[in-house]
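Asker:
Numbering (my numbering), first residue to last: 170 to 236.
Written as structure tokens, this is what we have:
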């Protein structure tokens, strides 16, 4: 998948549908950073619809203290 421009919620949703969902297996975990396009309601619903589990490491969550 090649994008001409910055990633946004719509382009990340397309990535989930076209690239990630076809290869994800039960039990897999996708680690996301704190990029705003990863947190849109549309993207969260798409991830949920495909049964894709996600995790944002504590060190990347707002308000967390680095170790």
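Cβ coordinates follow ideal geometry from the N, Cα and C atoms, glycine included.
All values derive from a computational prediction rather than experimental measurement.
#1: When the distance is taken between beta carbons, is residue 189 closer than 8 Å to residue 221?
#2: So, helix, strand or coil for residue 224, using DSSP?
#3: Can you check which of these residues, 228, 197 and 183, is closest to residue 214 by C-alpha distance?
#4: DSSP has residue 200 in a bridge; who is on the other side?
#5: Which one of 170, 175 and 171 has the shortest CA to CA distance from residue 204?
Answerer: In short, the structure shows the following:
#1: Yes, Cβ-Cβ distance for residue 221 and residue 189 is below 8 Å.
#2: When DSSP states are grouped into helix, strand and coil, residue 224 belongs to the strand group.
#3: That would be 183, whose Cα lies nearest to the Cα of residue 214.
#4: Per DSSP, 224.
#5: Comparing Cα-Cα distances from residue 204 to each of 170, 175 and 171, the minimum goes to 175.
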